[in-house]
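Here's the structure, in structure tokens; my notes come after.
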Amino acid sequence: MIQIVFSDLHWLPQDDQADDLCAHGTVNVCIDNETISDVPNKEWTLSCAGLYLLRSLEHDYHPGDYGSQLIPCCSFDFIPQENWQFPVLMLGCSNGIEWHIKHERNAVTHTTLNGNSSTLALHEWISLVLTLTNQVEEFYRLSGPKKTTSKELEEGYSRFWSEWKARTERAKRRARDFA
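First residue of the sequence shown: -3, per this note's numbering; consecutive thereafter.
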């Protein structure tokens, strides 16, 4: 069994909503009856987590693979990348939620850092990730426009959403193939 729930999506209260590029919120993660996150008052960067989970639909994941945690505490920057496997790097602090994700044919195994594991059919993993990322997208859709403070940040933020949209479309096509 794997359970991931995003809740309480919000912008940071001390920031102007237009300046906060990242959606924050709480997350519950449980893999094979091991709860690896359920702190109700802990904030995580759910927008970055969403993109990382979308990446995990096509790639195995091992802690640190994306230059951050799978569900990061924070993200300070969106850095455009030219010579990396992904078009944007999001950087934050060293706190976050980690586990391993391994693809095996049409199944995806999730393994905690303590070694507990659970396997989902690929179509179930796609469905779960799309449910989570749809929540994040809807939160942004209902919010006002965002402001960036530099050309590099603007380019990185643009690449973030371009990658998000492309991966979402591919995931939706794959989900239809399973139907």
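Heads up, the beta-carbon is just placed ideally off N, CA and C, and yes, glycines get one too.
It should be emphasised that the depicted structure is a prediction, and the values quoted were computed from it without experimental measurement.
*Name the residue from Thr144, Lys147 and Lys98 whose alpha carbon lies nearest to the alpha carbon of arginine 51.*
Lys98
*Alpha carbon to alpha carbon, what distance is there between phenylalanine 174 and lysine 38?*
In a straight line, the C-alpha of lysine 38 is about 36 Å away from that of phenylalanine 174.
*What runs of the beta strand (DSSP E), each 3 residues or longer, lie entirely inside the segment 12 to 48?*
20 to 27 and 30 to 33
_Cβ-heavy atom distance, arginine 155 to the ligand PLP, below 7 Å_ = No copy of the ligand PLP appears in this structure; indeed no ligand is present at all.
_With a threshold of 6 Å on Cβ separation, who are the neighbours of tyrosine 136 within its own chain once the five nearest residues in sequence on each side are excluded?_
none
*Thinking isoleucine 93 and isoleucine 67 are a contact (beta carbons under 8 Å), I'd like their distance in whole angstroms, please.*
Indeed, because the Cβ distance is near 4 Å, the residues count as touching under 8 Å.
*Using the beta-carbon count (16 or more within 10 Å), is glycine 111 buried or exposed?*
exposed
*Shortest alpha-carbon distance to glycine 140 belongs to which of His6, Arg169, His55 and Ile(-2)?*
His6
_Assigned secondary structure, threonine 144 (DSSP; H/G/I helix, E/B strand, else coil)_ = coil
*With a threshold of 16 other CB atoms inside 10 Å of the CB of valine 35, please say whether the residue is buried or exposed.*
exposed
_Can you list, in chain order, the residues of its chain with a C-beta nearer than 7 Å to that of leucine 128? Leave out the 5 residues immediately preceding and following it._
Ile0, Phe2, Gly46 and Leu49
*asked:* Spatial neighbours of asparagine 29 within its chain, please: C-beta separation below 8 Å, excluding the five flanking residues on both sides.
replied: Contacts found: Met(-3) and Asn112.
*Residue nearest to serine 146 in terms of C-alpha spacing, selected from Gly88, Asp56, Tyr62 and Phe74*: Phe74
*Which residue comes first and which comes last in the beta strand (DSSP E) that contains glutamine -1?*
-2 to 6
_Separation of aspartate 16 from lysine 181, as counted between CA atoms_ = Here the chain comprises residues numbered -3 to 175, so residue 181 is not present and cannot be evaluated.
*Paired residues, beta bridge with phenylalanine 74 - DSSP*: Met86
*For tyrosine 57, does the three-state DSSP call read helix, strand or coil?*
strand
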